[in-house]
Amino acid sequence: MRFLYYDKIDYIETNKKIVGTKTFSLSEEFFRGHFKKQPLIPSVIYIETMAQLLGWLIIYSNDFRLSSIMTLIEDVNVYGDLRPGFKAEIHGEIIKSSKKDTLGKAWMISEGREIAQLNRIIYGHFHNVDSQKLKDWFYYYSGIKVT
Numbered sequence: 006m007r008f009l010y011y012d013k014i015d016y017i018e019t020n021k022k023i024v025g026t027k028t029f030s031l032s033e034e035f036f037r038g039h040f041k042k043q044p045l046i047p048s049v050i051y052i053e054t055m056a057q058l059l060g061w062l063i064i065y066s067n068d069f070r071l072s073s074i075m076t077l078i079e080d081v082n083v084y085g086d087l088r089p090g091f092k093a094e095i096h097g098e099i100i101k102s103s104k105k106d107t108l109g110k111a112w113m114i115s116e117g118r119e120i121a122q123l124n125r126i127i128y129g130h131f132h133n134v135d136s137q138k139l140k141d142w143f144y145y146y147s148g149i150k151v152t
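Be aware that the sequence shown starts at 6, since it is given in the working numbering, and climbs by one per residue.
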């Protein structure tokens, strides 16, 4: 089972922002056995999608010398009941960062309208990591090669 909720990273700018895309299809694992008559994307999936992408921006911005774990979210909005079959643009920005944590925000857009926003998300930093393994995972999950 795979829990990667973005398809690709389209743009990344160190310490500033990241943009990615995700197409939500009916074959998503989270639909199995649920929502049989009227499939809807659960709100928590939007949160996880934004959190995954912003987490990679933090790791990338710190030259893969740390890992980031979401520790707090506040002021989350998901607009409407969205069914599978749409493509979303995911945006994330770093607001400020310290040695021990990062504050960011994220939002998702589909067909020109905002479908979700996460106005405050904090990630804790963990410094005991294998930098090369993080670079390899980043390349595998994003297609962007880093040296």
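Glycine included, every Cβ here is placed at the ideal spot set by N, Cα and C.
- Assignment of TYR146 by DSSP, reduced to helix, strand and coil, places it in the helix class.
- Just measuring C-alpha positions, the residue of LYS104, ILE63, SER30 sitting nearest PHE143 is ILE63.
- VAL49: member of the alpha helix (DSSP H) spanning 48-66, first to last residue.
- Here DSSP, grouped into helix, strand and coil, assigns LEU87 to coil.
- Looking at the DSSP output, THR28 bridges to LYS92.
- Put simply, the backbone Cα of GLN57 is about 8 Å away from that of LEU9.
- DSSP places SER103 in the coil class of the three-state scheme, outside both helix and strand.
- By a beta-carbon distance limit of 8 Å, ILE100 contacts LYS110. Their separation comes to about 6 Å.
- By the neighbour-count definition (other C-beta atoms within 10 Å, threshold 16), HIS130 is a buried residue.
- Collapsing the DSSP output to three states places GLU34 in a helix.
- CA-CA distance, TYR51 to TYR128, rounds to 17 Å.
- Judged by DSSP secondary structure, HIS132 falls outside any beta strand (DSSP E); it is assigned neither H nor E.
- In the pairwise beta carbon analysis, the segment 60-77 is classified as not touching the segment 28-35: fewer than three pairs are separated by under 8 Å.
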